[in-house]
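**Student:** Take this structure first; my questions come after.
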Amino acid sequence: MIPLLAISRGPLDIERVAGALAADPSTSPGLDGAVATFLGLVRNHNVGRSVRHLEYEAYAPLAMKAFERIAAEIAERWPSARLALHHRIGRLEIGEASIAIAARSPHRGDAFAACRYAIERVKQIAPIWKHEYFDGGDVWIEGATADPDDARARAEAERVACA
Amino acid sequence: MRVTVRLFARLRDIAGTAELARDLAPGAQATTVGDVWRQLAKEFPELAGYERSISSAVNADYARMDHVIRDGDEIAFLPPVSGG
Numbered sequence: 002m003i004p005l006l007a008i009s010r011g012p013l014d015i016e017r018v019a020g021a022l023a024a025d026p027s028t029s030p031g032l033d034g035a036v037a038t039f040l041g042l043v044r045n046h047n048v049g050r051s052v053r054h055l056e057y058e059a060y061a062p063l064a065m066k067a068f069e070r071i072a073a074e075i076a077e078r079w080p081s082a083r084l085a086l087h088h089r090i091g092r093l094e095i096g097e098a099s100i101a102i103a104a105r106s107p108h109r110g111d112a113f114a115a116c117r118y119a120i121e122r123v124k125q126i127a128p129i130w131k132h133e134y135f136d137g138g139d140v141w142i143e144g145a146t147a148d149p150d151d152a153r154a155r156a157e158a159e160r161v162a163c164a
Numbered sequence: 750m751r752v753t754v755r756l757f758a759r760l761r762d763i764a765g766t767a768e769l770a771r772d773l774a775p776g777a778q779a780t781t782v783g784d785v786w787r788q789l790a791k792e793f794p795e796l797a798g799y800e801r802s803i804s805s806a807v808n809a810d811y812a813r814m815d816h817v818i819r820d821g822d823e824i825a826f827l828p829p830v831s832g833g
């Protein structure tokens, strides 16, 4: 069986992620009218730099707990929506997918919102880092200070998801 | 008391290792995650700049700097994250 939440070193397959959700016992056949998916890709440019490739690193056991927390937050905010999310780590080439997300719901609004919320929250609280290798050097990308209990960050993710 | 410290991303590069073991002398007060961080920052001065932006975890759960640690704990220090 394909897990709903995963960290893997191999290439990601959005159909597989959406399929995991379709096959999950939480999905009642015929009830859902929408699946929203998101695939994050490695860009060849970042803040003016020509990117050659990325290397992703994770604190895997804590990252899995962060994913579970995001799924629980979605269940609380959009009770009819469910989430599947796979994140890739290791070396990724330009154009390859680093994250695949699927959200299902009876109606499209909740599916889109849950999918967007999931990627915003991953960027806020998942202990995962990208090491960027570009023409002329390399740099660790540092975004948000991870704090799952920061209510303001959570509200901001919800605001973006519902915009 | 012996603990394992795990470092990620740039913190790992600064320390030159992903994992270190540290023996902590029992003090008058309980030892916290923050005490471990301050000891590390003395050893690796470049870490000090991360004081305000790191997160920490104990045994793979997010924990605050005032979290009291026990013998055998795994303490992780995490620079700002950039997944997705």
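For the record, the sequence lines run as chains A and B.
Using the numbering used here, you'd call the opening residue of the first sequence number 2 and step up by one each time.
Using the numbering used here, you'd call the opening residue of the second sequence number 750 and step up by one each time.
The beta carbon of each residue, even a glycine, is placed where N, CA and C say it ideally should be.
1. Only counting the same chain, and skipping five residues up and downstream in sequence, which positions put a Cβ closer than 8 angstroms to that of Asp14/A?
2. Quick check on DSSP: helix, strand or coil for Glu800/B?
3. Output needed in chain order: residues of the region 38 to 50 of chain A with a Cβ under 9 angstroms from some Cβ in chain B.
4. When DSSP labels each residue in this structure, what does Phe68/A get in the three-state scheme?
5. How would you list, in chain order, the residues of chain A whose beta-carbon sits under 8 angstroms from the beta-carbon of Ala779/B?
6. Apart from the five residues just before and just after Trp63/A, which ones in its own chain have a Cβ nearer than 6 angstroms to its Cβ?
7. Counting C-beta neighbours from all protein chains within 10 Å, is the total for Lys791/B 16 or more, i.e. buried, or is it exposed?
8. Assuming Glu133/A and Ile142/A make a contact with CB atoms under 8 angstroms, what is their CB distance in whole Å?
9. How big is the Cα-Cα spacing for Ala76/A and Leu5/A?
10. When Cβ atoms are compared, which residues of the region 807 to 829 of chain B fall closer than 8 angstroms to chain A?
11. Contact criterion: CB-CB distance below 8 angstroms. Does Phe793/B meet it with respect to chain A?
12. Use the C-beta contact count for Ser99/A: other C-beta atoms within 10 angstroms, 16 or more gives buried, fewer gives exposed.
**Tutor:** By the coordinates alone:
1. Counting only Cβ-Cβ distances below 8 angstroms, and skipping sequence neighbours, we find Ala101.
2. Glu800/B falls in the coil class under three-state DSSP.
3. For the region 38 to 50 of chain A, which is checked against every Cβ of chain B, the residues closer than 9 angstroms are Gly41.
4. The three-state reading of DSSP puts Phe68/A in helix, counting H, G and I together.
5. Here the premise fails: no neighbours, minimum Cβ distance about 22 angstroms.
6. For the record, residue 63/A in the displayed sequence is Leu; it is not Trp. Here the set comprises Pro128.
7. Exposed.
8. Taking a contact as a CB-CB distance under 8 angstroms, the pair Glu133/A and Ile142/A counts as one, their CB atoms being some 6 angstroms apart.
9. Spanning the alpha carbons of Ala76/A and Leu5/A requires a straight line of approximately 14 angstroms.
10. Of all residues in the region 807 to 829 of chain B, Ala809, Asp810, Tyr811, Ala825, Leu827, Pro828, Pro829 have a Cβ within less than 8 angstroms of some Cβ in chain A.
11. For Phe793/B, the answer is no, since every Cβ of chain A falls outside 8 angstroms of its Cβ.
12. So Ser99/A counts as buried.
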